Amino acid sequence: MLGRGQAEGTGMCGRFAMALDPERLRRFYGLVETPRVQPRYNITPASPVGVVRPRGPHDARRVWRELLWGLVPFWAKQPRLGRMINARAETVASKPAFRAAFRYRRCVLPASGFYEWRRPPGGGPKQPYYFTAANDEPLSMAGLWERWQGEDGS
-6 MLGRGQAEGT GMCGRFAMAL DPERLRRFYG LVETPRVQPR YNITPASPVG VVRPRGPHDA
54 RRVWRELLWG LVPFWAKQPR LGRMINARAE TVASKPAFRA AFRYRRCVLP ASGFYEWRRP
114 PGGGPKQPYY FTAANDEPLS MAGLWERWQG EDGS
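Here it is as structure tokens:
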């Protein structure tokens, strides 16, 4: 789903917060174990983020894993060429950067809320607006993950 901000070319959800109770996360997502998380209110691309994903290809039990935010395609020579944080619903299944991850490596990024930057009606610098669920439930953002290893083994 594309948000209004994406249609305007401002990007979509470049920062978010995750300050949910660990036990609540375990129950809400049906996790095998309670995750070890600390509240974070300004999560940015290239930061570590907690995700919910299946334990393995043949094990659907849900686990909490920490990954770096920003997909680097497995075939990229250097990570700076990747670190993509948005994918369009219309092309995610066909674009080379997302195709394999979309088919085999999906996850959910839990969030307390996310920020969108907008210019005030009277003009001036953009201001962050914070969005949460009206019912105070966790927000679940669709994610893709990939394994990437540099030529030096890192």
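In this text, residue positions in the sequence shown follow the working numbering: the first is -6, and each later residue adds one.
The C-beta atom is built at its ideal place from N, Cα and C for all residues, glycine as well.
Please read these numbers as outputs of a predicted model, since none were measured by experiment.
Exposed unless 16 or more other CB atoms sit within 10 angstroms - verdict on residue i
i           : result
residue 43  : buried
residue 136 : buried
residue 131 : buried
residue 71  : exposed
residue 83  : exposed
residue 144 : exposed
residue 26  : exposed
Nearest to residue i (by Cα), restricted to the options the options
i           : options             : result
residue 106 : 145, 127, 68 and 94 : 127
residue 142 : 22, 19 and 73       : 73
residue 125 : 133, 87 and 111     : 133
residue 49  : 99, 115 and 17      : 99
residue 22  : 119, 86 and 101     : 101
residue 20  : 6, 38 and 55        : 55
Supposed contact pair residue j and residue i - C-beta distance, whole angstroms, cut 8 Å
i          : j          : result
residue 33 : residue 12 : 7 Å
residue 68 : residue 40 : Rounded, the Cβ-Cβ distance is 24 Å, inconsistent with contact.
For residue i, the residue or residues it bridges with in DSSP
i           : result
residue 121 : 110
residue 135 : 101
residue 57  : 45
residue 67  : Answer is none; residue 67 lacks a bridge partner.
residue 24  : 55
residue 9   : 36 and 107
Under 8 Å between C-beta atoms of residue i and residue j
i           : j           : result
residue 28  : residue 15  : yes
residue 58  : residue 36  : no
residue 138 : residue 94  : yes
residue 103 : residue 65  : no
residue 122 : residue 109 : yes
residue 114 : residue 76  : no
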